[in-house]
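Numbering (our numbering), first residue to last: 336 to 851.
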């Protein structure tokens with residue numbers, strides 16, 4: 336049976352509802368009890384100590400905000416009596432660097448070993464648009480390859496179109512241009528992409544020539560007689576040179592048909608788990624996300640790191656308010672400084688539009704019990720586990736370090752995951768409390784539910800139920816289940832989103848700057 340509340344830390348002034356609580360109900364706290372004064376929904380906060388106006392409210396042993404009204408024992412604590420204020424801790428860089436975890440050896444998965452040395456977990460052929468003006472053509476090429484047409488190629492997971500809304504009306508080689516080139520180059524080089532085509536209009540700012548030169552794009556063939564992989568430029572299709580839409584579609588389909596047998600020749604083979612780069616994401620979070628799903632994912636992330644792999648924490652706007660927990664774990668002062676600089680940039684950037692980062696919690700987050708950005712962030716960073724912070728990366732920057740790292744991304748799920756995948760993530764684990772239906776191509780996205788009622792309601796979209804923690808299962812046990820599920824997923828077991836074909840529309844590069 337689900338326990339009524341979760342008391343996370345001895346210093347907390349609140350507990351979290353593990354089920355709906357009714358007014359007048361008496362809740363046993365172990366040492367004493369509390370009578371619920373108003374209804375408190377699943378994931379919401381119940382006061383167990385009085386809090387005066389202006390005094391801090393604590394959850395996870397950390398300040399999540401300040402009371403705006405007198406809070407009595409038994410009160411529902413939420414937006415009506417709690418505000419974020421300046422709930423930021425002392426960064427104290429490098430003061431709590433954890434010891435490296437004991438190495439886990441011998442764990443493997445069945446992956447695609449690429450000639451670049453990278454390991455893929457899926458095997459797609461990609462049609463990449465350099466500009467939105469070629470998006471329709473790219474989608475038409477991908478749509479041509481129906482399940483029936485792909486039947487002769489059983490080792491190809493699909494033909495996908497990677498299209499976007501940018502590529503022009505931006506400063507040439509400006510920040511936005513460089514960001515988009517990093518994303519497109521990262522996708523072309525991704526080990527889950529067995530082959531690719533580039534399609535452009537011809538007059539866009541994101542010129543194919545600069546993209547190929549800057550990102551060093553080549554197609555790698557099988558090793559030749561000298562044992563070295565043959566290199567060639569990727570197939571390029573410029574609509575204005577080929578005679579327009581229909582001619583480009585026809586030519587690109589013909590080239591894809593030529594590439595498919597080459598992509599299909601790839602085979603899975605045992606690969607060490609150290610080749611895994613796990614991107615962690617949360618979306619549609621609720622008040623129990625930081626209690627169940629996120630810390631369980633943190634356990635799985637620690638296991639990946641112990642295997643010699645990499646775990647990425649993203650969503651900088653949802654690190655804000657909890658960055659002090661990460662800077663203390665930073666391996667070097669420079670790493671801590673980079674994270675603090677990114678937080679400061681986001682405060683400046685949001686301020687340009689008259690926005691504060693505390694505006695981040697969504698309507699759905701608040702309905703699920705989250706009140707302030709500090710509360711949301713303190714739960715979100717739990718996905719990063721407990722190992723040392725080894726690096727902070729710019730958006731879509733190639734991940735070249737092992738261990739736990741941060742990538743600077745927005746909090747919005749599609750561009751956040753797009754950045755991690757472009758940086759090299761070959762697995763995504765995605766926690767949700769309200770019920771996100773997110774999927775990703777070309778990388779599988781494993782979804783973890785924070786509560787069992789939502790898991791049962793949306794079981795066709797959820798892969799793991801972490802709500803069992805509220806029933807007494809340990810966070811460690813659920814984390815181990817997630818870790819094992821990640822290895823199975825990396826070996827080809829389809830996620831729920833893959834089974835439903837989700838992921839074609841979720842490629843959303845983040846591009847900073849004005850549309851000119």
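Don't be surprised by glycine CBs; every beta carbon is placed ideally from N, CA and C.
Note that the structure is predicted; figures quoted are calculated from it, not measured.
Contact annotation: residue 657 and residue 709 have beta-carbon atoms nearer than 9 Å.
By DSSP's assignment, residue 742 forms a beta bridge with 728.
Beta-bridge pairing by DSSP links residue 607 to 443.
DSSP places residue 469 in the helix class (H, G or I) of the three-state scheme. Going by C-alpha positions, residue 811 is about 52 Å away from residue 573. Annotation for residue 615: the continuous beta strand (DSSP E) segment containing it runs 612–617. Counting along the chain, the unbroken beta strand (DSSP E) around residue 393 starts and ends at 391–394. Distance between residue 834 and residue 518, taken at the CA atoms: about 26 Å.
Here the alpha carbons of residue 830 and residue 521 stand approximately 23 Å from one another.
In this structure, DSSP gives residue 424 a state outside helix and strand, which the three-state scheme calls coil. Per DSSP, reduced to three states, the secondary structure at residue 663 is coil, with no helix or strand assignment.
Annotation: the continuous alpha helix (DSSP H) that includes residue 521 extends over 510–524. When secondary structure is reduced to three states using DSSP, residue 843 falls in the coil class, being assigned neither helix nor strand. The Cβ-Cβ distance between residue 342 and residue 365 falls below 9 Å. Just measuring C-alpha positions, the residue of 712, 534, 628 sitting nearest residue 462 is 534.
Between the segment 724–743 and the segment 672–687 there are three or more C-beta pairs closer than 8 Å, enough to call the two in contact.
In the DSSP annotation of this structure, the continuous segment of the alpha helix (DSSP H) that includes residue 698 starts and ends at 698–702. Residues of the same chain with a CB within less than 6 Å of the CB of residue 386, apart from the 5 flanking positions on each side, are 348, 392, 402, 406 in chain order. When the five nearest sequence neighbours on each side are left out, the beta carbons in the same chain lying within less than 8 Å of the beta carbon of residue 546 are those of 465, 516, 519, 520, 533, 552, in order along the chain. With 16 or more other CB atoms across the displayed protein chains lying within 10 angstroms of its CB, residue 768 is buried. In this structure, residue 639 sits near residue 611, with a CB-CB distance shorter than 9 Å. At a Cβ-Cβ threshold of 9 Å, residue 649 and residue 785 do not count as neighbours. Using a Cβ distance threshold of 9 Å, residue 651 and residue 677 count as a contacting pair. Between the segment 445–461 and the segment 489–499 there are three or more inter-stretch CB-CB distances shorter than 8 Å, so the stretches are counted as touching. For residue 598, the uninterrupted alpha helix (DSSP H) segment begins and ends at 580–599. Straight across, the Cα-Cα distance linking residue 803 with residue 631 is about 11 Å. The residue from 493, 736, 766 with its alpha-carbon nearest to that of residue 725 is 736. Residue environment: residue 659 is assigned as buried (16 or more neighbouring CB atoms within 10 Å of its CB, all protein chains considered). Note on geometry: alpha-carbon atoms of residue 368 and residue 361 lie some 7 Å from one another.
Secondary structure of residue 459 (DSSP, three-state): strand. Annotation: residue 408 to residue 350 spans about 11 Å, alpha carbon to alpha carbon. According to the DSSP assignment, residue 368 belongs to no alpha helix (DSSP H) but to the beta strand (DSSP E) extending over 368–370. Cβ contact annotation for residue 628 (same chain, cutoff 6 Å, sequence separation greater than five): 766, 783, 785, 801, in chain order. Secondary structure of residue 415 (DSSP, three-state): coil. Annotated three-state conformation of residue 488 is coil, per DSSP.
Every unbroken stretch of the alpha helix (DSSP H) spanning 4 or more residues and falling wholly within the segment 762–821 is given here in chain order: 787–792.
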